[in-house]
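S.K.: Under this note's numbering, the first residue of the sequence shown carries the number 38, and numbering increases by one thereafter.
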Amino acid sequence: MEKNIRIAIIGGGPAGLSAGMYLEQKGYENYVIFEKTDHVGGKCHSPTWNGKRYEMGAIMGVPSYYAVHDVELFAGVDHNGPRLHRTYRLPNGQPDHRFDKKLFNIPHLLKLKKQIKKFGEILETKYKGYDICGHRGVSEGRYEGFAVTPGREPVSGVNENLKDLAMPFKKFCELNKCPLVTEIWVQPFTSFGYGYFDEIPAAYVLKYLDFQTMMNFVNVNLWTWKDGTQSIYEALNAKLKHPALLNSNITKIVRGEKVTITVNGKEEVFDKLIITAPLQVGTINNPVAQGLDSYLDVTEKERELFSKIDYERYDTMAYITAKENYPEASFYVVDNMTPETLGHGMVFYMRWGNEPDQPLVSYVLRKHKDPSESLKQYKARPELEYEATKKTVLEDIAKLGIPPIKEEGKDKIIYEFQAYYFPHVFSEDYAAGWYEKVEAMQGQNNTYYAGEIMSFGDMDETVEYSRDLVERFFR
Ligand SMILES: Cc1cc2nc3c(=O)[nH]c(=O)nc-3n(C[C@H](O)[C@H](O)[C@H](O)COP(=O)(O)OP(=O)(O)OC[C@H]3O[C@@H](n4cnc5c(N)ncnc54)[C@H](O)[C@@H]3O)c2cc1C
Numbered sequence: 038m039e040k041n042i043r044i045a046i047i048g049g050g051p052a053g054l055s056a057g058m059y060l061e062q063k064g065y066e067n068y069v070i071f072e073k074t075d076h077v078g079g080k081c082h083s084p085t086w087n088g089k090r091y092e093m094g095a096i097m098g099v100p101s102y103y104a105v106h107d108v109e110l111f112a113g114v115d116h117n118g119p120r121l122h123r124t125y126r127l128p129n130g131q132p133d134h135r136f137d138k139k140l141f142n143i144p145h146l147l148k149l150k151k152q153i154k155k156f157g158e159i160l161e162t163k164y165k166g167y168d169i170c171g172h173r174g175v176s177e178g179r180y181e182g183f184a185v186t187p188g189r190e191p192v193s194g195v196n197e198n199l200k201d202l203a204m205p206f207k208k209f210c211e212l213n214k215c216p217l218v219t220e221i222w223v224q225p226f227t228s229f230g231y232g233y234f235d236e237i238p239a240a241y242v243l244k245y246l247d248f249q250t251m252m253n254f255v256n257v258n259l260w261t262w263k264d265g266t267q268s269i270y271e272a273l274n275a276k277l278k279h280p281a282l283l284n285s286n287i288t289k290i291v292r293g294e295k296v297t298i299t300v301n302g303k304e305e306v307f308d309k310l311i312i313t314a315p316l317q318v319g320t321i322n323n324p325v326a327q328g329l330d331s332y333l334d335v336t337e338k339e340r341e342l343f344s345k346i347d348y349e350r351y352d353t354m355a356y357i358t359a360k361e362n363y364p365e366a367s368f369y370v371v372d373n374m375t376p377e378t379l380g381h382g383m384v385f386y387m388r389w390g391n392e393p394d395q396p397l398v399s400y401v402l403r404k405h406k407d408p409s410e411s412l413k414q415y416k417a418r419p420e421l422e423y424e425a426t427k428k429t430v431l432e433d434i435a436k437l438g439i440p441p442i443k444e445e446g447k448d449k450i451i452y453e454f455q456a457y458y459f460p461h462v463f464s465e466d467y468a469a470g471w472y473e474k475v476e477a478m479q480g481q482n483n484t485y486y487a488g489e490i491m492s493f494g495d496m497d498e499t500v501e502y503s504r505d506l507v508e509r510f511f512r
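1. Under 6 Å Cβ to Cβ from Asn-482, same chain only, skipping five residues before and after it: list those, please.
2. According to the neighbour-count rule (16 or more other Cβ atoms, all chains shown, within 10 Å of its Cβ), is Thr-219 buried or exposed?
3. Consider the Cβ of Pro-128: report whether some Cβ of chain B lies at a distance smaller than 7 Å.
4. In chain order, which continuous runs of the beta strand (DSSP E) of length 3 or greater are located wholly inside the stretch 182 to 214?
5. Would the C-beta of Ile-42 count as close to ligand 1, meaning under 6 Å from any of its heavy atoms?
6. Asp-497 and Tyr-102 - do their beta-carbons sit closer together than 7 Å?
7. Would you kindly work out how many angstroms separate the C-alpha atoms of Arg-402 and Glu-294, rounded to a whole number?
8. Any idea which residues DSSP pairs Tyr-68 with across the strands?
9. Do Ile-44 and Tyr-68 come within 7 Å of each other at the CB atom, strictly closer than that value?
10. Taking 6 Å as the line, does the beta carbon of Ile-287 fall inside it for any heavy atom of ligand 1?
11. In angstroms, rounded to a whole number, what distance separates the CA positions of Val-398 and Gly-438?
12. Can you check DSSP and say which residues form a bridge with Asp-352?
13. Which of helix, strand or coil does DSSP assign to Val-291?
14. Is any heavy atom in ligand 1 found nearer than 6 Å to the beta carbon of Cys-170?
15. Touching or not, the stretch 470 to 490 and the stretch 150 to 163, by the rule of three or more beta carbon pairs under 8 Å?
16. Is the separation between the beta-carbon of Arg-22 and that of Ala-366 shorter than 7 Å?
17. Between the C-alpha atoms of Pro-280 and Gly-88, what's the straight-line distance to the nearest angstrom?
18. So, at 8 Å on beta carbons, what are the nonlocal neighbours of Arg-126 in its own chain, with the 5 sequence-adjacent residues on each side left out?
19. Decide yes or no for the touch test of the stretch 168 to 183 against the stretch 193 to 208: beta carbon pairs closer than 8 Å, at least 3 of them.
20. Express the C-alpha separation of Lys-73 and Gly-302 in angstroms, rounding to a whole number.
21. Give the straight-line distance between the Cα atoms of Glu-305 and Ala-275, rounded to the nearest whole angstrom.
22. Quick check: the Cα distance between Lys-309 and Asp-466, rounded to an integer number of angstroms?
23. Since Glu-92 contacts Arg-388 with CB under 8 Å, what's their CB separation in whole angstroms?
24. Going by alpha carbons, who is nearest to Gly-113 out of Ser-268, Asn-373 and Gly-319?
25. Beta carbon of Asp-352: closer than 6 Å to some heavy atom of ligand 1?
26. With three or more C-beta pairs closer than 8 Å as the rule, is the stretch 436 to 455 touching the stretch 143 to 152?
27. Just to confirm, are Glu-339 and Gly-230 a CB contact at a threshold of 7 Å?
28. If you follow the beta strand (DSSP E) that Met-387 is part of, which residue opens it and which one closes it?
29. Exposed or buried, what is Gly-50 when buried is set at 16 or more other beta-carbons lying within 10 Å of its beta-carbon?
30. Phe-493 by DSSP, collapsed to three states: which one?
31. When the Cα atoms are used, what is the spatial distance from Asp-347 to Leu-212?
32. Which runs of the alpha helix (DSSP H) at least 4 residues long sit entirely within the stretch 262 to 327? Give them in chain order.
33. Return the first residue and the last residue of the beta strand (DSSP E) that Arg-512 is part of.
34. Give me the residue from Tyr-233, Lys-278, Phe-234 and Ala-326 with the minimum Cα distance to Ile-287.
35. Would you report the Cα separation of Leu-217 and Thr-336, rounded to the nearest angstrom?
36. Quick check: the Cα distance between Lys-289 and Ile-298, rounded to an integer number of angstroms?
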């Protein structure tokens, strides 16, 4: 491709900014990143309290975040944040000893350990190729992409077993006779807002929580950033030849020979378009997301495919508790990580150990697709209402003994964030080749698709997918 082509990138989150970085590294320097808000980072969102940044979006990474590491090197950032500490609680506030070897059921723990080991072996052998970034070929029993190694060599192959990845993770574990592993995988999955194992295809669970990543979580071998995850992308943006154009209000994109974008009332013409903003079409019940068809001339094919996308209703709320209530570590409430306890707080995160007067952040999910209902029934059913769920979470917080202090009679809540979170498709559409169809459209109409839906909704998979896209199409 001609290196001087003009490329528009929609979205200044990890996917969009890293697309700019990788393009630049390949010699494509004529790009513009349009960001609709007044800041970069997207769901890596780290506001400030008492001179320190806390996290309303992404918090952590693991040493196998190779793509995030590319960004760190480019931007001159290091993962120098506080160590994460967690403790388990029952919903009534009592300590939860389920992982405590001395107090808990040792035969069960031994069984669990055996299944984890077996699961790791099965993934490496029967499901060879399962962990590659993106979903190209999976529903057809193939893998194609870059290895999850520091060198990220191109790899491809045929493996019919990969078709199993379309089924919900719970079923996948049962099929492979390792049902107990869900007890471990659930924590960095459901509590991090990615939904429940009876609904979410195994492919998503395992692209993110591949075996090495999962073991890093188990061993608390994690990365955080002192100035928050947003600071990674602010530093990246500052190093780009063309930092993102903030407050870009895109009202129209028309594609033909060229791509014409109406932004802040002015038309700009480009050769290529990379979309990292939500691809979902139609009305989205979220304060920050808008349907792609509200500004793009979507084709029939795009409309058909992108109408299948769903997302998670995942809310975070930061509040201040009384000095004497600060816990010794973040609380994980595993009993609230089930579909039956939808709408209850799952994690209460404390970022800086032993420091009073810092925000505590609660995490809750508000929608679940029951395996017995059709997509149509699910979409027609109302989700848990935001305010009612917030009330439930405040009650949960009170039971845990870490309630907000009152200021002028009101709870001291300092920030609420409702993310358009983890866009994905369900098993039926995954198995029917949703990804193969979308990947086949890459480049048509001068358009490329990146961002969370194309791989998975975490920092590394989104950045890695941008790398993948640039490697494939912008040589
Ligand atoms: C509560 C929470 C916890 C998380 N924890 C972790 C974690 O610990 N580790 C981890 O790796 N990941 C975590 N994540 C996920 C991670 O933040 C996302 O996967 C990642 O930010 C996705 O990057 P993205 O660029 O694809 O999308 P986003 O981050 O959503 O960025 C998209 C950008 O596009 C902009 N945009 C949207 N529409 C338009 C438009 N029409 N025009 C212009 N701009 C537009 C948005 O404003 C936004 O800036 C978490 C997220 C949340 C919300």
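Don't be surprised by glycine CBs; every beta carbon is placed ideally from N, CA and C.
M.R.: Taking the coordinates as given:
1. These residues qualify, in order along the chain: Arg-292.
2. buried
3. In the structure shown, chain B cannot be found, because there is only a single protein chain.
4. 191 to 195
5. no
6. yes
7. According to the sequence displayed, residue 402 carries Leu and not Arg. Their backbone Cα atoms lie some 43 Å apart in a straight line.
8. Ile-44
9. yes
10. yes
11. 14 Å
12. Val-401 and Gln-455
13. strand
14. no
15. no
16. This structure does not reach residue 22, given that the chain is present from 38 up to 512, and the question cannot be answered.
17. 25 Å
18. Pro-132, Asp-133, Phe-368, Tyr-369, Val-370 and Leu-437
19. At 8 Å Cβ cutoff, the stretches touch.
20. When rounded, the distance between both Cα atoms is 13 Å.
21. 23 Å
22. Approximately 28 Å between the Cα atoms of the pair.
23. 7 Å
24. Ser-268
25. no
26. no
27. Taking 7 Å as the Cβ cut-off, Glu-339 and Gly-230 do not qualify as a contacting pair.
28. 384 to 387
29. Buried: at least 16 other Cβ atoms inside 10 Å.
30. coil
31. 26 Å
32. Runs of alpha helix (DSSP H) with 4 or more residues, each lying fully within the stretch 262 to 327, are found at 266 to 276, listed in chain order.
33. Where Arg-512 is concerned, there is no enclosing beta strand (DSSP E), given that its DSSP letter is neither H nor E.
34. Ala-326
35. The alpha-carbon atoms of Leu-217 and Thr-336 are separated by roughly 44 Å.
36. 6 Å
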